[in-house]
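One structure is given below, encoded as structure tokens.
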Amino acid sequence: MCFQGNSASLSSTYVKHQLAALWENAKSCALDTTKGGAPTGINAPVKSAYTRALYEYQYPSVSQSPSFQTTFDQPELTFLCDHEAILSLKPFMRSTAPAMNGAATQASSQLVFRYRVPFERTSVKDRSFGIDGNAPVHTIRMLTLKLEEATLIGSMMDQEQATTRSHLRRYLGFLQESGHHIFFDLPEFAAREKVSLTDYALACDDTKLDQYSKGVSVLGTPIDRIDSFLETQWAAARNLASEKRDGLAASIAVFDTRWLLNRPAHTLCHARIEFNAPEIKALCSREVVLCFKVRRVAVFSSAAFSDDPPLILDDLTIAFVMNVMKYDSKIGILELDFSTARYIPGISPSAKKEHPQFPSLVALLSTEYLDALLSYSYHVIYRPSIHTATSSVGSEYWQPIHQVGNDYRPRSHGRTLIWFERIRDISLSACDQVVTLSEDAINFYFRSLQIRSGQDHPLSRWTNDKFTATFNPITIRLLTNRKVIVTQNKMVHTSLSDHFWNDKVTGTSQVVGSSLQWYNFDSVTLQRWLFPNHHLRV
0 MCFQGNSASL SSTYVKHQLA ALWENAKSCA LDTTKGGAPT GINAPVKSAY
50 TRALYEYQYP SVSQSPSFQT TFDQPELTFL CDHEAILSLK PFMRSTAPAM
100 NGAATQASSQ LVFRYRVPFE RTSVKDRSFG IDGNAPVHTI RMLTLKLEEA
150 TLIGSMMDQE QATTRSHLRR YLGFLQESGH HIFFDLPEFA AREKVSLTDY
200 ALACDDTKLD QYSKGVSVLG TPIDRIDSFL ETQWAAARNL ASEKRDGLAA
250 SIAVFDTRWL LNRPAHTLCH ARIEFNAPEI KALCSREVVL CFKVRRVAVF
300 SSAAFSDDPP LILDDLTIAF VMNVMKYDSK IGILELDFST ARYIPGISPS
350 AKKEHPQFPS LVALLSTEYL DALLSYSYHV IYRPSIHTAT SSVGSEYWQP
400 IHQVGNDYRP RSHGRTLIWF ERIRDISLSA CDQVVTLSED AINFYFRSLQ
450 IRSGQDHPLS RWTNDKFTAT FNPITIRLLT NRKVIVTQNK MVHTSLSDHF
500 WNDKVTGTSQ VVGSSLQWYN FDSVTLQRWL FPNHHLRV
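Using numbering that gives the first Met the number 0, the first residue of the sequence shown is number 0, and each one after it goes up by one.
Structure, rendered in structure tokens:
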């Protein structure tokens with residue numbers, strides 16, 4: 000499929016060409032009427048006005064002396080996200096000015112009015128032209144502009160422009176009345192499980208963001224309030240990171256991969272990422288771009304983080320588009336829906352993004368990092384103060400959001416294990432504190448110790464003049480008699496002397512003579528390694 004599997008650009012071109020063709024038809028009809036080809040019939044004037052609507056408009060529409068009349072250049076439609084598009088109307092304003100000889104001259108100037116227009120995509124399945132009903136199913140898709148909900152971008156205008164704006168509000172209703180708000184979208188000639196992806200937001204770039212994101216509120220909350228809240232959260236996390244207590248609690252400011260386990264091979268295995276305060280840019284009131292301002296990325300070759308100097312990436316902006324929702328109708332808490340997060344490659348292009356490690360960085364941020372942020376409630380992008388919250392009471396402040404026709408696919412979640420520091424110095428007063436640890440928790444802890452210590456640490460490898468042993472992580476089994484069995488799995492031993500083990504551990508093979516032998520133990524259980532007098536601390 001074209002364009003990395005996203006049909007958004009194809010769909011956009013398809014709809015735009017329909018709009019252009021309808022405008023050409025309207026222009027031809029208007030010019031034909033001007034030449035004397037007046038429509039005939041009782042309803043002909045109204046039908047003709049509908050046909051010419053994209054090219055010319057007058058109010059009232061069938062009056063002999065209209066109070067407003069203008070013609071339009073070809074309109075433009077720009078898709079921002081999966082909820083809204085920008086409709087640009089270009090009326091020609093005519094004015095009369097006296098000439099030098101006393102005769103009046105006509106001057107024409109063009110204005111541009113841009114509107115944010117919500118839209119929805121619907122589909123109808125059809126099985127036509129088949130024999131005995133065996134024709135393949137195909138889907139007819141429709142795109143409907145909600146012109147009655149259009150909002151004008153910008154408000155600085157003179158008196159003449161203000162008058163034109165008021166008439167254009169009626170004009171938008173007239174366009175919808177004449178049926179110019181419905182377009183065919185790309186048809187789908189395939190089974191349902193093979194439906195192509197159409198995600199307009201992924202085609203967003205810096206130009207669109209700079210031009211159309213200013214002044215847009217997110218579910219009624221201004222962007223500057225959201226950015227101020229995020230900056231406060233980031234500053235608090237940066238101070239927490241300096242205390243070196245709970246690493247992931249500061250993940251919005253600093254992220255260290257040593258806190259993760261079972262990381263997939265496509266992500267950075269050993270890295271420390273430092274961030275500046277994140278930034279939110281609104282594509283529409285329900286879909287935003289979350290920009291991670293990466294200040295510095297240090298990539299190491301091992302979990303010891305001892306490279307000097309490490310591989311460095313710096314000054315990067317990595318953007319993800321996602322939906323936003325209100326958590327509480329009365330308080331007004333805004334949350335990002337990380338399940339809808341998609342990486343946008345067109346935001347802040349940089350030569351540094353050609354670095355071989357950059358795809359791994361994006362994979363890490365889009366899975367494990369977002370999981371960590373969600374675990375510590377950093378998906379909350381705005382929480383108003385108590386005074387602000389109590390002033391917004393009533394059902395009129397909350398309207399449910401119905402997402403229609405979104406084709407984006409949910410993001411992949413990471414499969415890593417995230418460690419949390421839950422036991423802290425707290426006062427329980429007269430209450431008793433009971434803390435329990437499961438076998439899985441302890442075994443995962445031993446695994447994390449080995450990963451963070453590196454391959455040359457005694458937990459992973461031990462060597463002396465007699466033999467060399469490599470180890471997998473320690474596993475334990477808790478017994479009911481306050482004891483524990485510690486198991487060391489899949490050890491490989493090399494010995495250069497006879498009978499080295501001397502009955503310390505019973506194996507399945509023996510050393511013969513002085514030749515080099517490999518001892519392969521599927522499971523060597525140290526049955527006597529118990530803790531009768533000590534508690535196992537983790």
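Backbone N, C-alpha and C define an ideal beta-carbon position, used for all residues, glycine too.
- Within the segment 216-242, the complete alpha helix (DSSP H) segments of 4 residues or longer fall at 222-242, listed in chain order.
- In this chain, the beta strand (DSSP E) harbouring D313 covers L310 to K325.
- Here the C-alpha atom of Q175 lies approximately 11 angstroms from the C-alpha atom of L53.
- Bounds of any alpha helix (DSSP H) do not take in F470, whose DSSP letter is neither H nor E.
- In this structure, the straight-line span from the alpha carbon of F299 to that of L151 is close to 51 angstroms.
- In this structure, F118 sits near E83, with a CB-CB distance shorter than 8 angstroms.
- DSSP lists A468 as the bridge partner or partners of W461.
- Listed in chain order, the alpha helix (DSSP H) runs fully inside the segment 48-81 amount to none, counting runs of at least 4 residues.
- For the pair R451 and T474, the Cα-to-Cα distance works out to about 17 angstroms.
- Sixteen is the threshold: when 16 or more other Cβ atoms of the shown chains lie within 10 Å of the Cβ of Q232, as they do, the residue is buried.
- When C-alpha distances from A202 are compared across R341, Y377 and A362, the shortest belongs to R341.
- In this structure, DSSP gives H166 a helical state, which the three-state scheme calls helix.
- Judged by DSSP in its simplified three-state form, K89 adopts coil rather than helix or strand.
- Looking at the DSSP output, S122 shares a beta bridge with R140.
- Annotated three-state conformation of K352 is helix, per DSSP.
- By the 16-neighbour rule on beta-carbons within 10 angstroms, L171 is buried.
- For Y377, no alpha helix (DSSP H) segment is defined, and its DSSP state is neither H nor E.
- With respect to the 8 angstroms criterion, A297 and I317 are not classified as neighbours on the basis of their beta carbons.
- Excluding five sequence positions before and after V14, the CB atoms of its chain that fall closer than 7 angstroms to its own CB belong to L76, L142, F182 and D184, given in chain order.
- A7 and R237 have their alpha carbons spaced roughly 39 angstroms apart.
- Per DSSP, S359 is one residue of the alpha helix (DSSP H) stretching across F357 to L363.
- Comparing alpha-carbon positions, the option among I225, W258 and T162 lying closest to K280 turns out to be I225.
- Between L333 and V217, the beta carbon gap of about 6 angstroms places them in contact (Cβ cut-off 8 angstroms).
- Pairing S11 with F71 gives a Cβ-Cβ distance that is not under 8 angstroms.
- Per DSSP, the unbroken alpha helix (DSSP H) holding Y211 starts and ends at D205 to Y211.
- If you draw a straight line from the Cα of E148 to the Cα of T220, it comes to about 19 angstroms.
- Going by DSSP, Y342 is part of the beta strand (DSSP E) stretching over L333 to I343.
- Per DSSP, the continuous alpha helix (DSSP H) segment holding A440 begins and ends at E438 to S452.
- K292 carries a strand assignment under DSSP once its states are collapsed to helix, strand and coil.
- In this chain, E367 is not harboured by any beta strand (DSSP E), its DSSP state being neither H nor E.
- Look at F274 here: in three-state DSSP terms it is strand.
- Spanning the alpha carbons of N442 and Q487 requires a straight line of approximately 12 angstroms.
- The C-beta of S447 has 16 or more other C-beta atoms within 10 Å across all chains shown, which makes the residue buried.
- Annotation for F254: the continuous beta strand (DSSP E) segment containing it runs V253 to D255.
- Sequence-distant partners of G246 (beyond 5 residues in either direction) whose C-beta falls short of 7 angstroms from its own C-beta, in its chain, are D255 and W258.
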